[in-house]
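Enquirer:
There are 2 protein chains.
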Amino acid sequence: MTSYIECVPNFSEGRNAETIDAIEAAIASVKGTLILHSTRDADHNRSVITFAAPRDAVIEAALRAAAKAAELIDLTAHAGVHPRLGALDVLPFVPLGDATLAACIDIAHQAGERIWNELGIPVYFYEEAALRTDRAKLENVRRGQFEGLRDAALVDEGKRPDVGGPALHSTAGAVIVGARRFLIAYNINLRTTDLSLAKSIARRIRTSSGGLPALKALGLPLASRNLVQVSMNLTDFEETPLHVVYEEVRRLAAQQGVEIEESELIGLMPRKALEMTAAGFLKLKDFHTERVVENRIAMLLDERIPPHRYPN
Amino acid sequence: MTSYIECVPNFSEGRNAETIDAIEAAIASVKGTLILHSTRDADHNRSVITFAAPRDAVIEAALRAAAKAAELIDLTAHAGVHPRLGALDVLPFVPLGDATLAACIDIAHQAGERIWNELGIPVYFYEEAALRTDRAKLENVRRGQFEGLRDAALVDEGKRPDVGGPALHSTAGAVIVGARRFLIAYNINLRTTDLSLAKSIARRIRTSSGGLPALKALGLPLASRNLVQVSMNLTDFEETPLHVVYEEVRRLAAQQGVEIEESELIGLMPRKALEMTAAGFLKLKDFHTERVVENRIAMLLDERIPPHRYPN
Numbered sequence: 003m004t005s006y007i008e009c010v011p012n013f014s015e016g017r018n019a020e021t022i023d024a025i026e027a028a029i030a031s032v033k034g035t036l037i038l039h040s041t042r043d044a045d046h047n048r049s050v051i052t053f054a055a056p057r058d059a060v061i062e063a064a065l066r067a068a069a070k071a072a073e074l075i076d077l078t079a080h081a082g083v084h085p086r087l088g089a090l091d092v093l094p095f096v097p098l099g100d101a102t103l104a105a106c107i108d109i110a111h112q113a114g115e116r117i118w119n120e121l122g123i124p125v126y127f128y129e130e131a132a133l134r135t136d137r138a139k140l141e142n143v144r145r146g147q148f149e150g151l152r153d154a155a156l157v158d159e160g161k162r163p164d165v166g167g168p169a170l171h172s173t174a175g176a177v178i179v180g181a182r183r184f185l186i187a188y189n190i191n192l193r194t195t196d197l198s199l200a201k202s203i204a205r206r207i208r209t210s211s212g213g214l215p216a217l218k219a220l221g222l223p224l225a226s227r228n229l230v231q232v233s234m235n236l237t238d239f240e241e242t243p244l245h246v247v248y249e250e251v252r253r254l255a256a257q258q259g260v261e262i263e264e265s266e267l268i269g270l271m272p273r274k275a276l277e278m279t280a281a282g283f284l285k286l287k288d289f290h291t292e293r294v295v296e297n298r299i300a301m302l303l304d305e306r307i308p309p310h311r312y313p314n
Numbered sequence: 003m004t005s006y007i008e009c010v011p012n013f014s015e016g017r018n019a020e021t022i023d024a025i026e027a028a029i030a031s032v033k034g035t036l037i038l039h040s041t042r043d044a045d046h047n048r049s050v051i052t053f054a055a056p057r058d059a060v061i062e063a064a065l066r067a068a069a070k071a072a073e074l075i076d077l078t079a080h081a082g083v084h085p086r087l088g089a090l091d092v093l094p095f096v097p098l099g100d101a102t103l104a105a106c107i108d109i110a111h112q113a114g115e116r117i118w119n120e121l122g123i124p125v126y127f128y129e130e131a132a133l134r135t136d137r138a139k140l141e142n143v144r145r146g147q148f149e150g151l152r153d154a155a156l157v158d159e160g161k162r163p164d165v166g167g168p169a170l171h172s173t174a175g176a177v178i179v180g181a182r183r184f185l186i187a188y189n190i191n192l193r194t195t196d197l198s199l200a201k202s203i204a205r206r207i208r209t210s211s212g213g214l215p216a217l218k219a220l221g222l223p224l225a226s227r228n229l230v231q232v233s234m235n236l237t238d239f240e241e242t243p244l245h246v247v248y249e250e251v252r253r254l255a256a257q258q259g260v261e262i263e264e265s266e267l268i269g270l271m272p273r274k275a276l277e278m279t280a281a282g283f284l285k286l287k288d289f290h291t292e293r294v295v296e297n298r299i300a301m302l303l304d305e306r307i308p309p310h311r312y313p314n
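Protein chains in written order, with our numbering: chain A, 3 to 314; chain B, 3 to 314.
#1: Using three-state DSSP, classify A:Gln258 as helix, strand or coil.
#2: Give me, in chain order, the residues of the same chain whose beta-carbon lies closer than 6 Å to that of A:Arg134; leave out the 5 immediate sequence neighbours on both sides.
#3: Strictly below 7 Å CB to CB, what residues from chain B border A:Lys285?
#4: Tell me A:Gly175's beta-bridge partners as DSSP assigns them.
#5: Under the three-state reduction of DSSP, which class applies to A:Gly160: helix, strand or coil?
#6: Keeping to the same chain, check which residues put their C-beta closer than 8 Å to that of B:Ile262; ignore five residues upstream and five downstream.
#7: Restricting to runs no shorter than 4 residues, where is the alpha helix (DSSP H) found entirely within the segment 255-301 of chain B?
#8: Just verifying my parser: in three-state terms, what is the DSSP assignment at A:Val76?
#9: In terms of alpha-carbon separation, which member of B:Glu73, B:Thr35, B:Ala64 and B:Ala55 lies closest to B:Thr21?
#10: Alpha carbon to alpha carbon, how far is A:Tyr188 from A:Met234? Give it in angstroms, no decimals.
#11: Skipping 5 residues on each side, what residues in its chain have a beta carbon closer than 6 Å to that of A:Asn314?
#12: Figure out for me which residue from B:Phe127, B:Arg137 and B:Val294 has the closest Cα to the Cα of B:Cys106.
#13: Quick one: using the 10 Å Cβ neighbour count with 16 as the cut-off for buried, is B:Glu240 buried or exposed?
#14: In chain order, which continuous runs of the alpha helix (DSSP H) of length 4 or greater are located wholly inside the segment 19-70 of chain B?
#15: Does any CB atom of chain B fall closer than 8 Å to the CB of A:Glu241?
#16: Figure out for me which residue from B:Glu8, B:Ile25, B:Leu38 and B:Ser14 has the closest Cα to the Cα of A:Arg293.
#17: What does a CB cutoff of less than 7 Å around A:Ala30 pick up in its chain, not counting 5 residues either side in sequence?
#18: Would B:Pro163 pass as an interface residue toward chain A - the criterion being a Cβ-Cβ separation below 8 Å?
#19: Starting from B:Leu36, find everything on chain A with Cβ-Cβ shorter than 9 Å and list it in chain order.
#20: Sort out for me which residues DSSP pairs B:Ile190 with in a bridge.
#21: Using DSSP with H/G/I as helix, E/B as strand and the rest coil, what is A:Phe95?
#22: Where DSSP assigns a beta bridge to B:Cys106, which residues make up the other side?
#23: Around the Cβ of A:Ala79, are there at least 16 other Cβ atoms within 10 angstroms (buried) or fewer (exposed)?
#24: Is it true that the CB of B:Leu244 sits closer than 8 Å to the CB of B:Thr279?
#25: Anyone know if the C-beta pair for B:Ile123 and B:Ala174 falls short of 8 Å?
#26: Residues in the same chain with beta-carbon distance under 7 Å from B:Gln147, minus the five sequence neighbours each way, listed in chain order, please.
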């Protein structure tokens, strides 16, 4: 399989179905692009389209999405509870399969240059694609939103776009372009109604309070089911894999005599995360992806491995 | 991905590299065929080639392998410690990915007919492709081997080939053609030198002594590593998945205060087994294969699913 890049653009329109459909059609109009998922939220007045494409196609599709969003969305007439800076607000690129984060950083920078050069919309870079350390965090870049940054960018060097400007686009604002690892949204439901247990486990495991690396966690009630939930984002499943998270939550819950009822994946996960999970739980010696027969077939079809390499 | 069928022919030659190479080349000469693995055993005087191909190609490759084996192997001059009936001795077809066992039974029957019609070598059907219940087990079909069945097939109706004959081929014998599920060879190594523990766990878990379904198990010493091993074949990983086997061995060993050191996969496993293992250990709610982003991409490329079907 060709290396695919995932792209998860967020648009400042969650109510007008015609606009969102037109943006989705613009993305799908690029050959090789696959729409994986899309959500629209009326309260946030925001929509998220998840698509995947090989490298060149992903940039072209991002450009067409930015152009269509700028054409149809007017931020001066936009309101919603979610903060936003652009018509196309956030544009992260994510490596899938064999693709690297480095490739996605490069793609983000190329896409950013083209968005300014071809569409006249200035660009800020965030997360792994950030060119200034204070712009790694999205919330830092977006602080002040469209209405605030529109003025600040003109006078405050620290608020200037990374590419183009300094004036923002009058109706489309600016695009915040980035690269990041695949984010796995994952919840574990505990067989108890004791919310304080879910909250204390979340505190124990999350990175921000000294727990596991690359992990965000919250304790939430699931009142309708008489359960509580540890709701998580794994921001680097290679550093902190699913089975490590599961085992740690299981251990901490067991200390209070509570068992795991079930866990749930929100959205998608990469194949590598699944393979690491199975191999991790099984303490599997010498596991690698080509020990999976369908992976081996795909690799042979791609001529990525010689026929006899694997050890057994 | 096209549905692939795995084929695991066993040949009665494990010493003459030229012969084995020629057979492998005959298989690889069919377009679409991928050699996944091959082993040759001098003591058994036997070799096993594992290959995969789409349906039509797998039958053609099996035919060419049978023809080449008949051309180069003379059973009247063959000796080895492993029982055998044919130059191409055993020919099982195994479903991969979306392919079904029913398709493999049909493929086995078609291949068997062609082996007799085109090559004049009679065929017995075994396992899921067996036409007589007493032929389901390979050891029953092969009892008496080439030298015994060559005579018995002529006079004993119960020993007649299913297709062709009744006389066996004078130098190539007969081919035993079958269909079966993917067999996972899997070992768990225990952190103890107590062989009796490995043997008693094997007895507790194997199907033949009332344990888990579709599971063969033996206890073995791993003297060089100061460990013991529960060595297993999972003959239906959908009925008894890896995580169930692992958890049961872990539980029984823990009763004696012994931990699992590691486990190991011999050869390959299907992707579905890996997915079931990860989802099983995680108690993952509503997991299905298209929740894996690369699987989803492959399915979209195949147009097997519409873009928005999955629930989250």
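Note that the Cβ used here is the ideal one computed from N, Cα and C, for glycine as well.
Expert: According to the structure data:
#1: coil
#2: For A:Arg134, where only same-chain residues beyond five positions count, there are no Cβ hits under 6 Å.
#3: By Cβ distance, chain B contributes Ile262, Glu264 and Ser265.
#4: A:Gly88 and A:His171
#5: Residue state, collapsed to three classes: helix.
#6: Ile190, Asn191, Leu192, Arg193, Tyr248, Val251, Arg252 and Ala255
#7: 273-283
#8: Inspection of the sequence shows that residue 76 of chain A is occupied by Asp rather than by Val. Of the three classes helix, strand and coil, the one that applies to A:Asp76 here is coil, per DSSP.
#9: B:Glu73
#10: Taking the straight line joining both Cα atoms gives about 5 Å.
#11: Residue placement at A:Asn314 is poorly supported in this model, since its pLDDT is 37, which falls under 50; the coordinates still yield a value, given next. Within the same chain, no Cβ atom closer than 6 Å to the Cβ of A:Asn314 is found once the five residues on either side in sequence are excluded.
#12: Of the candidates B:Phe127, B:Arg137 and B:Val294, the residue whose Cα lies closest to the Cα of B:Cys106 is B:Phe127.
#13: exposed
#14: Fully enclosed alpha helix (DSSP H) runs of 4 or longer: 19-30.
#15: no
#16: B:Leu38
#17: Answer for A:Ala30: Ile37, listed in chain order.
#18: no
#19: Arg298, Ile299, Leu302, Leu303 and Pro309
#20: Listed as beta-bridge partners of B:Ile190 by DSSP are B:Val232 and B:Ser265.
#21: DSSP places A:Phe95 in strand when its eight states are reduced to three.
#22: Answer is none; B:Cys106 lacks a bridge partner.
#23: exposed
#24: Taking 8 Å as the cut-off, the Cβ atoms of B:Thr279 and B:Leu244 count as close.
#25: yes
#26: Taking B:Gln147 as the centre and dropping the five residues before and after it, the same chain places the C-beta of Pro85, Arg86 and Leu87 closer than 7 Å to its C-beta, in chain order.
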